[in-house]
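Scroll down for the structure; my scribbles are underneath it.
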Amino acid sequence: MKPPVVTTLLPARNAESTVARAVESLLEGTLREIRVLAVDDGSTDGTRAVLERLAARDARVEVLDGEGRGLVAALNLALSHATSPYVARMDADDEALPRRLEASVEALEADPDLGGVGTSVELFREDQPVSPSMRDYAAWLNGLTTSEKLHRERFVESPICHPSVCLRREAVVAAGGWEHGDFPEDYNLWLKLIDRGHRMRNLPEVLLRWRDSTGRLTRTDPRYAHKRFIWVKARYLARSREVAGRPLTVWGTGPGGLILTRFLLAEGARVERFIDVHPRKVGTRIHGIPVYAPESLGAPPEDTHLIAAVGVRGIRDEIREALTSRGWREGEHFTCAA
52 MKPPVVTTLL
62 PARNAESTVA
72 RAVESLLEGT
82 LREIRVLAVD
92 DGSTDGTRAV
102 LERLAARDAR
112 VEVLDGEGRG
122 LVAALNLALS
132 HATSPYVARM
142 DADDEALPRR
152 LEASVEALEA
162 DPDLGGVGTS
172 VELFREDQPV
182 SPSMRDYAAW
192 LNGLTTSEKL
202 HRERFVESPI
212 CHPSVCLRRE
222 AVVAAGGWEH
232 GDFPEDYNLW
242 LKLIDRGHRM
252 RNLPEVLLRW
262 RDSTGRLTRT
272 DPRYAHKRFI
282 WVKARYLARS
292 REVAGRPLTV
302 WGTGPGGLIL
312 TRFLLAEGAR
322 VERFIDVHPR
332 KVGTRIHGIP
342 VYAPESLGAP
352 PEDTHLIAAV
362 GVRGIRDEIR
372 EALTSRGWRE
382 GEHFTCAA
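The numbering used here puts the sequence shown at residues 52 to 389.
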């Protein structure tokens with residue numbers, strides 16, 4: 052068997068009914084030089100037996116024992132066993148389309164500055180329609196097909212679908228792998244890699260069928276609560292090239308904007324004013340910070356930076372239009388963070 056070009060890290064817990072198809076979809080792909088490290092993470096159903104049958108049939112599959120220590124530990128265990136130049140992710144209830152790994156490796160080999168790529172995704176459910184919010188999120192992800200777009204949007208939401216990603220192994224290892232804590236490990240890793248100078252993007256081709264199940268960790272685990280996403284944003288936003296050391300204006304005094312502001316202040320950032328359209332807020336102070344109307348914004352500032360933090364659907368584009376019409380440039384004068 053040829054040495055693997057890419058190793059797929061696939062944690063599984065109580066996934067007896069779906070894990071065989073997930074693994075088989077990788078094995079059936081157009082890239083043959085692969086390895087699948089399937090981590091049985093404390094399953095109490097037939098998951099381990101399914102994985103062992105797959106490993107007996109195909110030498111490219113290896114089963115590891117995650118001992119029920121959780122997703123992050125399972126990923127780092129599999130990473131420690133990987134030797135290929137690239138490592139990919141896969142969940143035990145998703146389905147890779149045939150060119151997924153081949154197209155990802157092609158993109159990484161064509162551009163040495165890329166630390167990793169995700170793919171466009173197709174959401175599916177078998178019990179009910181996919182929610183409108185998830186459809187909107189997938190459409191947004193699928194549009195981040197250049198590193199410039201992804202970099203611009205990285206503080207809006209997690210810009211890569213975790214089970215679609217393929218990464219340079221040495222970049223992930225140098226970054227310390229997946230980090231354990233009360234925050235989303237995938238979003239943290241993307242921001243960490245970008246902070247370390249790696250570019251990332253999503254491939255325009257739909258190459259993963261992504262299951263939107265009721266029991267997904269993003270719906271059930273407190274690490275993925277909205278507040279914890281905002282904390283990760285603030286952690287990297289405060290030290291980003293755009294923001295670090297500059298006084299800040301935050302556009303938005305709703306719950307999301309105030310939580311982000313609190314976390315930014317905790318990271319040592321200086322928030323000097325708010326912008327809000329609500330007439331009852333304009334002219335007041337919130338947490339000692341004055342609130343101004345958008346009309347107070349003039350020409351692009353030389354020494355400050357504005358963070359747009361209004362999470363209402365459609366408002367981000369309105370703020371962008373309002374600022375760019377005044378000559379403000381995104382990434383230089385302002386950053387969208389909602």
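For each residue, glycine too, the CB sits at the ideal point set by N, CA and C.
What span of residues does the beta strand (DSSP E) with residue i cover, start to end?
| i | result |
| --- | --- |
| N253 | 250-262 |
| T98 | No beta strand (DSSP E) holds T98; the alpha helix (DSSP H) holding it covers 98-108. |
| A190 | Here A190 belongs to no beta strand (DSSP E); instead the alpha helix (DSSP H) covers 183-193. |
| S171 | 165-175 |
| A139 | 137-140 |
| A71 | Not the beta strand (DSSP E): A71 falls in the alpha helix (DSSP H), residues 70-78. |
| V342 | 340-343 |
| E199 | No beta strand (DSSP E) contains E199, which is instead part of the alpha helix (DSSP H) from 198-204. |
| D116 | 112-116 |
Apart from the five residues on each side of it in sequence, which residues of its chain come closer than 8 angstroms, Cβ to Cβ, to residue i?
| i | result |
| --- | --- |
| A106 | A89, V112, E113, V114 |
| A154 | T170, L254, E256, L258 |
| I326 | T300, V301, W302, G303, V342, Y343, A344, P345, S347, L348, L357 |
| K200 | G194, R252 |
| D354 | R297, P298 |
| Y396 | This structure does not reach residue 396, given that the chain is present from 52 up to 389, and the question cannot be answered. |
In whole angstroms, what is the alpha-carbon distance linking residue i and residue j?
| i | j | result |
| --- | --- | --- |
| R104 | P62 | 16 angstroms |
| R336 | L309 | 12 angstroms |
| L259 | T304 | 37 angstroms |
| C387 | R367 | 7 angstroms |
| S171 | E256 | 6 angstroms |
| A161 | K53 | 22 angstroms |
| E177 | D263 | 9 angstroms |
| L60 | A276 | 24 angstroms |
| A147 | P298 | 45 angstroms |
| S135 | D109 | 18 angstroms |
| R331 | E369 | 21 angstroms |
| A100 | E75 | 15 angstroms |
| L311 | A360 | 8 angstroms |
| R72 | L78 | 10 angstroms |
| I211 | V168 | 8 angstroms |
| V333 | F234 | 33 angstroms |
| V294 | H384 | 9 angstroms |
| R247 | D164 | 11 angstroms |
| A152 | T69 | Here the sequence assigns Leu to residue 152, which means Ala is not the residue at that position. For L152 and T69, the distance between alpha carbons rounds to 20 angstroms. |
| S182 | R364 | 15 angstroms |
| H329 | T196 | 35 angstroms |
| V87 | G362 | 39 angstroms |
| A190 | S215 | 15 angstroms |
| G80 | P149 | 4 angstroms |
| P306 | R313 | 11 angstroms |
| D145 | L102 | 15 angstroms |
| E399 | L374 | Lying outside 52 to 389, the shown extent of the chain, residue 399 is not represented and no answer is given. |
Just grab the DSSP bridge partners of residue i for me.
| i | result |
| --- | --- |
| V322 | L299 |
| A63 | D91 |
| A147 | L259 |
| H356 | L299 |
| F39 | Examination of residue 39 is not possible in this model, given that the chain is present from 52 through 389 alone. |
| A58 | Checking the displayed sequence, the identity of residue 58 turns out to be Thr instead of Ala. Paired residues: R86, V138. |
| R336 | P341 |
| C217 | A139, V168 |
Report all residues from its chain with a CB closer than 7 angstroms to the CB of residue i; omit the five preceding and five following residues, and keep chain order.
| i | result |
| --- | --- |
| G166 | L218, R219, A222, L244, H249, R250, M251 |
| N65 | S94, T95, D96, T98 |
| H213 | R140, D237 |
| R324 | T300, I340, P341, Y343 |
| E318 | A285, R286, A289 |
| L316 | V322 |
| G232 | none |
| E118 | G93 |
| W229 | V123, L126, N127, E236, L240 |
| D116 | D91 |
From which residue to which residue does the alpha helix (DSSP H) around residue i run?
| i | result |
| --- | --- |
| L315 | 306-317 |
| F280 | 277-288 |
| R220 | 220-225 |
| L159 | 151-161 |
| D246 | 236-246 |
| D368 | 366-375 |
| A125 | 122-132 |
Can you list, in chain order, the residues of its chain whose CB lies under 6 angstroms from that of residue i, leaving out five sequence neighbours each side?
| i | result |
| --- | --- |
| S198 | R250, R252 |
| F173 | The sequence shown places Glu at residue 173, rather than the Phe named in the question. These residues qualify, in order along the chain: V257, R260. |
Check whether the segment 334-349 touches the segment 281-291, taking contact to mean three or more Cβ pairs, one atom from each stretch, closer than 8 angstroms. no
Inter-stretch contact (C-beta, 8 angstroms, three-pair minimum) for the segment 127-135 and the segment 198-213: no
Does the structure place the segment 369-386 close enough to the segment 347-359 that three or more beta carbon pairs sit under 8 angstroms? yes
Does the segment 228-242 touch the segment 179-199, meaning 3 or more C-beta pairs lie closer than 8 angstroms? no
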